[in-house]
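Q:
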Amino acid sequence: MDKITLVSKGASLSISDEKLLIEFDRDMNSLSTALWAGGYRSIRSALNQKLTGYYESLQDFPGGSVESYLKICAEEVTESPEKCPSLLTAARVRLYSHKVLSAGGMTIEAVTTGGVEKTACRASSPALYREEDEHFFPVGTINMMIIASGFLPECVMARALITLTEGKSAALQDLGIADVNNGLPATGTCTDGITLICDPEGKKYTDAGSFSLLGSLLSKAAYESVRDCIETYDHPWNASSLLRTPPAQDIDRLRKLSEKS
Numbered sequence: 001m002d003k004i005t006l007v008s009k010g011a012s013l014s015i016s017d018e019k020l021l022i023e024f025d026r027d028m029n030s031l032s033t034a035l036w037a038g039g040y041r042s043i044r045s046a047l048n049q050k051l052t053g054y055y056e057s058l059q060d061f062p063g064g065s066v067e068s069y070l071k072i073c074a075e076e077v078t079e080s081p082e083k084c085p086s087l088l089t090a091a092r093v094r095l096y097s098h099k100v101l102s103a104g105g106m107t108i109e110a111v112t113t114g115g116v117e118k119t120a121c122r123a124s125s126p127a128l129y130r131e132e133d134e135h136f137f138p139v140g141t142i143n144m145m146i147i148a149s150g151f152l153p154e155c156v157m158a159r160a161l162i163t164l165t166e167g168k169s170a171a172l173q174d175l176g177i178a179d180v181n182n183g184l185p186a187t188g189t190c191t192d193g194i195t196l197i198c199d200p201e202g203k204k205y206t207d208a209g210s211f212s213l214l215g216s217l218l219s220k221a222a223y224e225s226v227r228d229c230i231e232t233y234d235h236p237w238n239a240s241s242l243l244r245t246p247p248a249q250d251i252d253r254l255r256k257l258s259e260k261s
């Protein structure tokens with residue numbers, strides 16, 4: 001695996017055709033949607049794993065489930081797989097986007113992969129399958145691994161996931177990405193994942209809303225890295241200028257019109 005040093009303290013990124021692995025020289029806090037080692041926990045690494053084969057049902061995965069498969073993948077790269085939240089994608093992981101944003105003593109570092117041609121969807125669209133059907137759709141996933149230099153309490157990390165998702169959705173809307181089933185503006189794909197990592201020894205932050213410094217950096221990192229993946233590497237067929245975000249409106253004019261009405 002190729003290896004580079006990240007801006008985040010004590011962090012490195014290893015890259016292969018099948019894996020993006022972030023490693024730390026100390027324990028970090030993480031909140032992740034990963035099926036393996038997800039949720040809130042102390043971690044030493046984070047993995048974005050490319051799916052290397054086609055499996056028609058969940059039971060066909062090595063180990064008999066996606067969770068077991070990802071555990072096997074984590075065991076290949078770390079001696080502490082239980083401290084390695086592991087996301088899954090069908091995207092070419094070497095075509096990742098790496099963004100670093102800093103302001104006011106806070107640094108946000110994003111390592112993102114993504115594609116939208118197969119599974120772009122709009123939140124509130126009708127369901128396409130039920131979990132009991134045991135189908136699995138990893139194709140077209142947007143996966144973000146985000147490192148924050150500060151300390152975020154659990155509740156703030158949960159709010160940060162919302163802010164990151166808003167940044168991702170804004171990127172898709174500005175690019176005019178369509179839901180592949182109904183043609184409406186997409187807000188994500190049906191299999192997106194996030195691993196958010198923060199430093200338990202860093203400065204404490206309690207506001208991850210979009211107008212806060214932390215939230216602004218988070219949403220911009222998500223926006224820029226997702227847009228980079230799609231514009232640079234994906235060139236999706238389901239991008240339409242008709243769905244792009246319209247020009248900004250004059251807020252003062254809107255206020256005056258509202259007052260008159």
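Residue numbering for the sequence shown follows full-length UniProt numbering, starting at 1 and increasing by one per position.
Beta carbons: idealized from backbone N, C-alpha and C, even for Gly.
Among Lys19, Lys9, Gly10, whose alpha-carbon lies nearest the alpha-carbon of Ala91?
A: Position 91 of the sequence shown, counted from the start, is the residue given in the question as residue 91. Of the candidates Lys19, Lys9, Gly10, the one whose C-alpha sits nearest the C-alpha of Ala91 is Lys19.
Q: Do the CB positions of Leu217 and Leu101 come within less than 8 angstroms of each other?
A: Numbered from 1 along the sequence shown, position 217 holds the residue referred to as residue 217. Numbered from 1 along the sequence shown, position 101 holds the residue referred to as residue 101. Yes, the Cβ-Cβ distance between Leu217 and Leu101 is below 8 angstroms.
Q: Mind checking Met1: buried by the 16 CB within 10 Å criterion, or exposed?
A: Within the sequence shown, residue 1 is the residue found at index 1, counting from 1. Exposed is the call here.
Q: Would you mind working out which of Glu79, Ser212, Asn182, Gly150 sits nearest Thr107, comparing C-alpha positions?
A: Position 107 of the sequence shown, counting from 1, holds the residue named residue 107. Of the listed residues, the one whose Cα sits closest to Thr107 is Gly150.
Q: Where does Gln173 sit, in a helix, a strand or coil, going by DSSP?
A: Residue mapping note: residue 173 aligns to position 173 of the sequence shown, counting from 1. In the structure shown, Gln173 sits in a helix (DSSP, three-state: H, G or I).
Q: Should Ser124 go down as buried or exposed, given a rule of 16 or more other Cβ atoms within 10 Å for buried?
A: Against the sequence shown, residue 124 aligns to sequence position 124. Ser124 should be labelled exposed.
Q: What separation, rounded to the nearest whole angstrom, lies between the Cα atoms of Tyr54 and Ser65?
A: The sequence position of residue 54 within the sequence shown is 54, counting from 1. The sequence position of residue 65 within the sequence shown is 65, counting from 1. So the two alpha carbons sit approximately 13 angstroms from each other.
Q: Excluding sequence positions up to five away, which residues of its chain have a Cβ less than 7 angstroms from the Cβ of Cys73?
A: Translated into positions along the sequence shown, residue 73 becomes position 73. Leu47, Gln49, Ser86.
Q: Report the rounded CA-to-CA distance for Ser57 versus Gly202, giving the unit in angstroms.
A: For the purposes of this step, residue 57 is taken as the residue at position 57 of the sequence shown. For the purposes of this step, residue 202 is taken as the residue at position 202 of the sequence shown. The alpha-carbon atoms of Ser57 and Gly202 are separated by roughly 43 angstroms.
Q: Starting from the Cα of Pro153, find the closest Cα among Thr206, Ile147, Tyr69 and give me that residue.
A: Taking the sequence shown and counting its residues from 1, the one referred to as residue 153 is at position 153. Out of Thr206, Ile147, Tyr69, Thr206 has the C-alpha closest to the C-alpha of Pro153.
Q: Are the beta-carbon atoms belonging to residue 278 and Ala110 less than 8 angstroms from one another?
A: What the structure shows of the chain is the stretch from 1 to 261, and residue 278 is not part of that stretch, so it cannot be assessed.
Q: Below 6 angstroms CB to CB, which residues in the same chain sit around Gly209 once its five sequence neighbours on both sides are set aside?
A: By one-based count along the sequence shown, residue 209 stands at place 209. Answer for Gly209: Gly215, listed in chain order.
Q: Nearest by alpha-carbon distance to Phe24: which of Ala11, Ser30, Trp36 is it?
A: Residue mapping note: residue 24 aligns to position 24 of the sequence shown, counting from 1. Measuring from the Cα of Phe24, the nearest candidate turns out to be Ala11.
Q: Starting from the Cα of His235, find the closest Cα among Leu257, Leu95, Lys99 and give me that residue.
A: For this step, residue 235 is matched to residue 235 along the sequence shown. Residue Leu95 is the option with its Cα nearest to His235.
Q: Reducing DSSP to helix, strand and coil, say where Glu82 ends up.
A: In the sequence shown, counting from the first residue as 1, residue 82 sits at position 82. Residue state, collapsed to three classes: helix.
Q: With a Cβ-Cβ cutoff of 8 angstroms, do Gly140 and Lys168 count as a contact?
A: Taking the sequence shown and counting its residues from 1, one reaches residue 140 at position 140. Taking the sequence shown and counting its residues from 1, one reaches residue 168 at position 168. In this structure, Lys168 does not lie closer than 8 angstroms to Gly140 by Cβ.
Q: How far does the beta strand (DSSP E) with Val111 in it reach, from first residue to last?
A: Residue mapping note: residue 111 aligns to position 111 of the sequence shown, counting from 1. Run containing Val111: 106-113, per the beta strand (DSSP E) assignment.
Q: Expressed to the nearest angstrom, what Euclidean distance is found between the alpha-carbon atoms of Ser60 and Cys229?
A: For the purposes of this step, residue 60 is taken as the residue at position 60 of the sequence shown. For the purposes of this step, residue 229 is taken as the residue at position 229 of the sequence shown. Sequence check: residue 60 is Asp here, not Ser. Distance between the alpha carbons of Asp60 and Cys229 is about 30 angstroms.
Q: Can you give the Cα-Cα distance for Gly63 and Leu21, rounded to whole angstroms?
A: As a working mapping, residue 63 is identified with position 63 in the sequence shown. As a working mapping, residue 21 is identified with position 21 in the sequence shown. Distance between the alpha carbons of Gly63 and Leu21 is about 21 angstroms.
Q: Determine the closest residue to Ala103 out of Ala221, Leu35, Asp250, with distance taken between C-alpha atoms.
A: Walking along the sequence shown from the start, residue 103 turns up at place 103. Residue Ala221 is the option with its Cα nearest to Ala103.
Q: What do you get for Tyr40, buried or exposed, if any count of 16 or more other CB atoms within 10 angstroms of its CB means buried?
A: In the sequence shown, the residue the question calls residue 40 occupies position 40. The residue in question, Tyr40, is exposed, as its Cβ has fewer than 16 Cβ neighbours within 10 Å.
Q: Just to confirm, are Thr187 and Ile142 a CB contact at a threshold of 8 angstroms?
A: Position 187 of the sequence shown holds residue 187. Position 142 of the sequence shown holds residue 142. Not closer than 8 angstroms, so no.
Q: Under the DSSP definition of a beta bridge, which residues are partnered with Gly188?
A: Position 188 of the sequence shown holds residue 188. DSSP output for Gly188 lists Cys121 as bridge partner(s).
Q: Shortest alpha-carbon distance to Arg244 belongs to which of Gln173, Arg122, Leu6, Ile4?
A: As a working note, residue 244 is residue 244 in the sequence shown. Residue Gln173 is the option with its Cα nearest to Arg244.
Q: In terms of residue numbering, what span does the beta strand (DSSP E) encompassing Arg94 cover?
A: To locate residue 94, count along the sequence shown from 1; it is residue 94. Looking at the DSSP string, Arg94 is not in any beta strand (DSSP E), and its letter there is neither H nor E.
Q: If Leu196 and Ser32 are in contact, beta carbons under 8 angstroms, what's the gap, nearest whole angstrom?
A: Working through the sequence shown from its first residue, we reach residue 196 at position 196. Working through the sequence shown from its first residue, we reach residue 32 at position 32. Sure, about 7 angstroms apart at Cβ, within 8 angstroms.
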